[in-house]
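Asks:
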Amino acid sequence: MGTTASQLRKDLLSEYQELTFLTKQEIILAHKRFSELLSKEDRNIPTPRVPMEKVLSLPELKSNPFRKRICHVFSTSDMKDGSLTFEDFLDLLSAFSDSATLEIKSHYAFRIFDFDDDGTLDGGDLEKLVNCLTGETDDTRLTTEEMRQLISNILEESDIDKDGTVNLSEFQHVISRSPDFVSSFKIVL
Amino acid sequence: AKEKERKKERDRKRRRNVARRASSARKQGNELEDRPGREERRGRKKRDKEGKGKGGEDERQEEVKNDTVAKTQKNFSNENTRKLEQKEVEVVGEEDGDTEEKRKNGRSEKGGKKEDNGRGETVEKKQKKKRVETSEEHESSEEEEDEEEKVGEEKPEVLSPEELEKLKEEVDERKKLISTLRGKPWPMRKKLLTLRESHEFVEKYEGALGKGKSRKLYAYKVMMLKKWMKFQRDFENFKTACVPWEMKIKEIESHFGSSVASYFIFLRWMYGINMILFGLTFGLVMVPEALMGRPYGSMPRKTVPRADEANAMDFAVLWDFGGYAQYSVLFYGYYNSQRAIGWLKFRMPLSYFLVGVGTVAYSYMVVIRTMARNANEDGGGDNNSFNFSWKMFTSWDYLIGNPETADNKFASITTSFKEAILEEQESRKDDNIHLTRFLRVLANFLVLCCLAGSGYLIYFVVRRSQKFALEGLESHSWWERNEVNMVMSLLGMFCPMLFDVISALENYHPRIALQWQLGRIFALFLGNLYTFIIALMDEINLKREEEEVLKLNMTIWEASLYNGTLGANSTAPPITVHPADIPRGPCWETMVGQEFVRLIVSDTMTTYITLLIGDFLRAVLVRFLNYCWCWDLEAGFPSYSEFDVSGNVLGLIFNQGMIWMGAFYAPCLPALNVLRLHVSMYLQCWAVMCCNVPQERVFKASGSNNFYMAMLLVILFLSTLPAIYTIVTIPPSFDCGPFSGKSRMFDVIQETLESDFPAWFGKVFSYASNPGLVLPFLLLMVLAIYYLQSTSKSYKQANLELKKKLQTQNEENKKKTKMAALKAAMDLEEAQKARSEAPRQQRKNNASQQSYTGEKNTVTGHLVSSFVFVYPPAPRGHRIPGPLPGNQWQPAPSVQRVPNSQRH
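Those protein sequences? They're chains W and Z, same order as listed.
Per my numbering, the first sequence starts with residue 1, numbered consecutively.
Per my numbering, the second sequence starts with residue 190, numbered consecutively.
See the structure below:
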């Protein structure tokens, strides 16, 4: 790879700076990391895509329970395979960066948690979310009774219009009052 | 000629169109969204399409996705326009790129509009003129302008004010869009295109906003603004590049989560503060004295006494900061009381005093400012109303990149869920509350015993060391000489462990337990420090008594010297005694400074050694002995150590407290501390990464940030108290330090006022410091504080009130929704019916509109396409009878959109 291929065009770099919450160094670093993920034959294509499996192998995402969802949300691929272009990758890092606003963070968080992509968090989404958070092993899983209780409690709190689901504005309402969402919704390269 | 005229006409249209496009862009912010499609499509494509009939449209739609639908429809709307386009393409060619394309787009729109709406020719002309006048781009092509003038009638070459206003608004809007673009949850491609488009627009029309002469100025201003923005961005980049250890901390953050990283961020912050303190003392006190003050050996206070000369260079002595180290710029005693030194006439004593005050004042300022900022940031945490949702939505720490930490996090989240559910189920059904109470009381009693014991131990040790000191240090062993520091360090090491064991009795929630633990360690350290200071005060008093005796002896000695020389030879010059032989006072200030420096050094050493033994050696043993041991060392008893965030933070805070206390008497302390922090940054980073395991209970850091700051503030206050007390009440030594010969240290201010400032200034100052003026001022301040506090209280009250109101409103809304449930069900049915009709209707609309209005169709297309582009709204939006409170984003079903577009 070397340094020659990892050069970003200067005007593009400044535009990326204007469009993301990243600094110049972070963009360059992101580009370096991204080019490392590319396979040899992909490098000559103008806008190469990195398949999801490769993105997931990044140490920053490796142990994240939402890694697949993150890829799917930020992917602009038509095939819905979660593959990322460099620009998608920048979008991801920008949303997860230190200086991103609460609005954009909560927007993407909502889409990450919305497992079936239907625009609301319903019972099924919440159940999957709990399962993600409690890990894969059986001893940390919640029982069905506990799960039912938990989900009903959550809906009790956040479902303001009582339609049985949490929509984006309700979600943002809840999130915006949380003291540590912004500080924990971060990924840095 | 005909061709030429045609071209001209085209040009004119083109320009007018660009302007109109701008206004239409404002009309529908969504229009921007269909840009990608346009940009991708090139002139060639259009040319190809010419021959094809309507059948080609469907293909193309598939090709360029829904957002370009509008555009294609538009293209087909007017055959004439297309022909024109075709010609244009041939003439100009494709090399123009984006701008060319844009113009083309504009033209096609315009073509439709012109023919259909039958706009007057004069209006067009006028607009064309304006364009010529305003857009700088076109100014250059004078040829064109001439031609146009021939054709059109003469019109005033200025924009009407309202149009100017409009344009201005648009440009401002675009600018706003550019600045907020990064906060939009769009994919990058779209953002990029929007950005380029907006930049182009702004660039083009910015010049139009000024008139005549002021235009140039305006353009210049805009250019400078752009440059300034770029500079700011570069500066921001530079600033982040300058932050030290960023990568190290990020690495730790990804392995251990944010709480461990918060310690290192705190350490870095401390390092920054100490750098500034160091800069102050080094630049304004140590360097001037070393460079411009009298050299070493010129006077008694700058010379090692004769008795100590033999071993003044021994390492053991230097390590204790005796010998040459004691008689150097490192300590208070070395400084001369000469009012001005060197060719700069540097006011040394004044500078010394002001730097001492300045370091404390600066520290206060920084700590309080940081606290205020932190308080602002996490202000308004709505407690407990979203307990479960927060646990669910915000408990994952996305920074975790280490599988082991992730496992721990899974476990802790699960337990927190289970705990919360249990709590909810049987809200506090505590069976043996008496036992818990008893255990808690017992635990506190034990902790109090520990504290009292450690306090007594220190007092005892300090007293003993004073006895040793009176007897002479040489006759005692190393342990006896370093007893005080060692005992303090050992207590600081073992007592927290003891507290940890005791706190297991109490059975608190871990977060509360952590705070108790921190509070106890804090009390322990504070007690130890204050015992130390009290013992030190005793010693100061002893030294001062010694000094009194010595002063008396001094006069006798001088007299005898004088008499002796006088007696021997009255004409000979007085014998010069070597400064090393002159008797001198004990200089209690240097003694205090030395004590603090020794304390810091031994504290640093214990920290490093515990790190090496407790963490590194333990890790090595566990790792390698595990192969030949009878139980699993890694999982079983010794295991690897965890990183103790709270203990380390407290250690740092107390270390800083000692710096603040001792810095006045030992100017070298900040320098030492900078060194210490620098080393511990690297050492601890390494130790954490190589021999610690992630905490079992992973806490998030944000909550405790201000807690640490508050402790720092308390320590700062408590450590400045004794320093100020000694400065104000105890007279300085008579023969050492910058204030020798004065009755109080702060007399240096008065002296400066009298001799360096004009007389009136001194007078004003003396009036100002008159109790008659100071007391009312103090009273005023107290009143102001009282007033501010009461207003803030009332604000809090109002805040609470509002919150309550909001809650009741929410409840009402809930009731309303229940009431509306039946109605909603009916609505749903209706909506479903409507929805099934909607696509049909829409299709019909599109078809009919296509045939006559290109532009209108575009609008529909924009709306529809943007609608698809936005995150899909809830289909169950129909059921919501009204907008939610505080709902900025209302799901608007496509059914409602259709009539909207028809209205245009």
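All residues carry an ideal CB built from backbone N, CA and C; glycine is no exception.
Give me whichever residues DSSP pairs with E831 of chain Z in a beta bridge.
Replies: Z:V882
Asks: Out of Z:V555, Z:P592, Z:T795, which has the shortest C-alpha to C-alpha gap to I465 of chain Z?
Replies: Z:V555
Asks: Determine, for R9 of chain W, whether the minimum Cβ-Cβ distance to residues of chain Z falls below 8 angstroms.
Replies: Cβ-Cβ to chain Z under 8 angstroms: no for R9 of chain W.
Asks: Tell me, to the nearest whole angstrom, how far the beta carbon of G846 of chain Z is from that of L718 of chain Z; I am working on the premise that it is less than 8 angstroms.
Replies: So it is a contact: roughly 7 angstroms between Cβ atoms.
Asks: Do you know how far the Cα of L715 of chain Z is from the Cα of A641 of chain Z?
Replies: 12 angstroms
Asks: According to DSSP, is F432 of chain Z part of a helix, a strand, or is it coil?
Replies: Note that residue 432 of chain Z is Val in the sequence shown, not Phe. DSSP places V432 of chain Z in the coil class of the three-state scheme, outside both helix and strand.
Asks: Using DSSP's beta-bridge definition, name the partner residues of L211 of chain W.
Replies: Absent from the model: residue 211 of chain W. The displayed extent of chain W is 1 to 189, so no value can be given.
Asks: Just checking: is the beta-carbon of K993 of chain Z within a distance shorter than 8 angstroms of some beta-carbon in chain W?
Replies: no
Asks: Over what stretch of residues does the alpha helix (DSSP H) that includes W508 of chain Z continue unbroken?
Replies: 504–508
Asks: In chain order, what residues of the same chain lie with their CB nearer than 6 angstroms to the CB of L56 of chain W, ignoring the 5 residues before and after it?
Replies: Contacts found: R67.
Asks: Helix, strand or coil: which one does DSSP assign to I771 of chain Z?
Replies: coil
Asks: What's the C-alpha gap between P46 of chain W and L703 of chain Z?
Replies: Roughly 54 angstroms separates the two Cα atoms.
Asks: Leaving out the 5 sequence neighbours to the left and right, which residues in its chain are closer than 8 angstroms to A595 of chain Z when beta-carbon positions are compared?
Replies: I589
Asks: When the Cα atoms are used, what is the spatial distance from A95 of chain W to Q172 of chain W?
Replies: 15 angstroms
Asks: Report buried or exposed for M1008 of chain Z, applying the criterion of at least 16 other Cβ atoms within 10 angstroms of its Cβ.
Replies: exposed
Asks: Comparing alpha-carbon positions, which option in Z:L822, Z:T369, Z:K373 lies nearest L92 of chain W?
Replies: Z:K373
Asks: Using only alpha-carbon positions, find the residue among W:L168, W:K80, W:R43, W:Q17 that is nearest to T120 of chain W.
Replies: W:L168
Asks: Thinking just about the alpha-carbon of each residue, which of Z:E734, Z:A658, Z:L637, Z:R629 is nearest to the one in A693 of chain Z?
Replies: Comparing C-alpha distances from A693 of chain Z to each of Z:E734, Z:A658, Z:L637, Z:R629 shows the shortest one belongs to Z:R629.
Asks: Of the residues that make up the stretch 137–160 of chain W, which ones have a beta carbon closer than 7 angstroms to any beta carbon in chain Z?
Replies: T140, L142, E146, Q149, L150, N153, I154, E157, S158, I160
Asks: How many whole angstroms separate the CB atoms of T165 of chain W and D117 of chain W, which I take to be in contact at a CB cut-off of 8 angstroms?
Replies: Between D117 of chain W and T165 of chain W the Cβ distance is about 13 angstroms, and since that is not below 8 angstroms, they are no contact.
Asks: In or out: H107 of chain W buried (at least 16 other Cβ within 10 Å) or exposed?
Replies: By the 10 Å Cβ count, H107 of chain W comes out buried.
Asks: Near C167 of chain Z, what residues of its chain come up, given a Cβ to Cβ distance below 6 angstroms and the 5 sequence neighbours on each side ignored?
Replies: Residue 167 of chain Z is absent from the structure shown; chain Z starts at 190 and stops at 1093.
Asks: Count the other C-beta atoms from every protein chain shown that fall within 10 angstroms of the C-beta of V73 of chain W, then say buried if there are 16 or more, exposed otherwise.
Replies: buried
Asks: Excluding the 5 residues flanking I441 of chain Z on each side, which residues of the same chain have their C-beta closer than 8 angstroms to its C-beta?
Replies: These residues qualify, in order along the chain: V449, A450, F453, C874, V877, M878.
Asks: Using a Cβ-Cβ distance under 8 angstroms, would D194 of chain W count as near chain Z?
Replies: Since the first residue of chain W shown is 1 and the last is 189, residue 194 of chain W is not available in this structure.
Asks: Using alpha carbons as the reference points, say which of Z:S349, Z:R363, Z:I913 lies closest to W849 of chain Z.
Replies: Z:I913
Asks: State the DSSP-derived secondary structure class of G1071 of chain Z, mapped to helix, strand or coil.
Replies: Reliability fails at G1071 of chain Z, whose pLDDT of 39 lies under 50, so the model's placement of it is uncertain and no value is given.
Asks: Quick check on I530 of chain Z: does DSSP put it in helix, strand or coil?
Replies: Strand, per DSSP.
Asks: Considering only C-alpha positions, which residue in the set Z:H444, Z:G461, Z:T492, Z:K415 is nearest to D924 of chain Z?
Replies: Z:T492
Asks: Run down chain W in chain order and give the residues with a C-beta less than 8 angstroms from the C-beta of L588 of chain Z.
Replies: S184, K186, I187, V188
Asks: For T492 of chain Z, go through chain W and note every residue whose CB falls closer than 9 angstroms to its CB, in chain order.
Replies: Here the premise fails: no neighbours, minimum Cβ distance about 54 angstroms.
Asks: Could you name the residues of the same chain whose beta carbon sits closer than 8 angstroms to that of D159 of chain W, not counting the 5 residues immediately before and after it, in chain order?
Replies: Taken in chain order, the residues that qualify are T165, V166, E170.
Asks: Tell me which residue opens and which closes the alpha helix (DSSP H) that L24 of chain W is part of.
Replies: Note on identity: in this sequence residue 24 of chain W is Lys, with Leu being the wrong assignment. Per DSSP, K24 of chain W belongs to the alpha helix (DSSP H) from 24–37.
Asks: For L102 of chain W versus V130 of chain W, is the C-beta spacing smaller than 8 angstroms?
Replies: V130 of chain W sits away from L102 of chain W, with the two beta carbons spaced by 8 angstroms or more.
Asks: Beta-carbon within less than 6 angstroms of S908 of chain Z's beta-carbon, same chain only, minus the 5 sequence neighbours each way: which residues are those?
Replies: The answer, listed in chain order, is G846, W849, M850.
Asks: Among the candidates Z:C817, Z:A514, Z:L680, whose CA atom is the shortest distance from the CA of F504 of chain Z?
Replies: The residue among Z:C817, Z:A514, Z:L680 with its C-alpha nearest the C-alpha of F504 of chain Z is Z:A514.
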